[in-house]
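Chains as they are written, first to last, in the working numbering: chain Y, 11 to 117; chain A, 7 to 139.
Remarks on the structure that follows.
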């Protein structure tokens, strides 16, 4: 499921942002690596982030996170270089309990 | 950015589809922390906006419009927040999140372009929509 469009106005200034069309080939590329959009992942440099999306060429957008779970920076990296994050590497404030995490492959 | 249906939200959607568990009306909040929604998130991952005239919205199930065919999509009437000034805790809106009214379970969330209300009359307009594909 995806797609939402939104508008913002500020004192007569209107900004319109349009949701890009979902890229099914990108989703397929993510699935082919055994990953999921929204998954906590670890990069080849050992940094933890959230896999946002990918394109058909296997380039992934990953939002690296800080220790408090907030955004650090967006990086573009090869999907093949990513791995599902370990449970302990998920920021504590956003870390699910071990049992629930294990159901989704976080060990 | 793409909205993220959480793992728990996904399970609830399937349960409603199968008449295992009835769905619920939903609450719509804007979040004011700079986070990217993740599949394991619960509502505690998000801090709702506070101050500046901000108020949570309710989305009633029967008020959604569903249209198809494939992909079938649902949309809701545009929601408008009109601010009286700046937010009081965290100043910037980073996205929105949707929870069930009774259970409080997080269904989905999406990061959007940042917006910092500052003046009386500033508005944030959101048209909720979701597509199954």
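Cβ atoms here follow ideal geometry from the backbone N, Cα and C, with glycine treated the same way.
None of the values given here were measured: they were computed from a predicted structure.
Supposed contact pair residue 10 (chain A) and residue 59 (chain Y) - C-beta distance, whole angstroms, cut 8 Å: Actually they do not touch by this definition, with Cβ atoms about 14 Å apart.
Between the CA atoms of residue 120 (chain A) and residue 99 (chain A) - distance to the nearest angstrom: 6 Å
Per-residue DSSP class, three states only, for residue 76 (chain A): coil
Under 7 Å from the C-beta of residue 57 (chain Y): neighbouring residues of chain A: Neighbours of residue 57 (chain Y) in chain A, taken as residues at a C-beta separation under 7 Å, are lacking, since the least C-beta distance is about 14 Å.
As assigned by DSSP and simplified to three states, the class of residue 92 (chain Y): Residue state, collapsed to three classes: coil.
Chain-order list of residues whose beta-carbon lies under 8 Å from that of residue 130 (chain A) (same chain, five-residue window excluded): For residue 130 (chain A), where only same-chain residues beyond five positions count, the Cβ hits under 8 Å are 36, 86, 87, 89, 99, 121 and 123.
Under 9 Å from the C-beta of residue 40 (chain A): neighbouring residues of chain Y: 80 and 81
For residue 127 (chain A), the nearest candidate out of A:136, A:111, A:93 and A:101 (CA to CA): A:93
Cα-Cα separation, residue 103 (chain A) to residue 52 (chain A): Distance between the alpha carbons of residue 103 (chain A) and residue 52 (chain A) is about 8 Å.
Members of the stretch 89-116 of chain Y that neighbour chain A once the beta carbon cut-off is set at 9 Å: 100, 103, 104, 105, 106, 110, 111, 113, 114 and 116
With 16 other Cβ atoms within 10 Å as the buried cut-off, status of residue 71 (chain Y): buried
Helix, strand or coil at residue 101 (chain A) according to DSSP, with G and I counted as helix: strand
Burial state of residue 24 (chain A), where buried means 16 or more other Cβ atoms lie within 10 Å: It is exposed - the Cβ of residue 24 (chain A) has fewer than 16 other Cβ atoms within 10 Å.
Proximity below 7 Å, CB of residue 93 (chain Y) to CB of residue 52 (chain Y): yes
Residue 48 (chain Y) at chain A interface by Cβ criterion, 7 Å: yes
Coarse secondary structure for residue 67 (chain Y), derived from DSSP in three states: coil
Identity of the residue in A:125, A:68, A:57 and A:8 nearest residue 29 (chain A) by Cα: A:68
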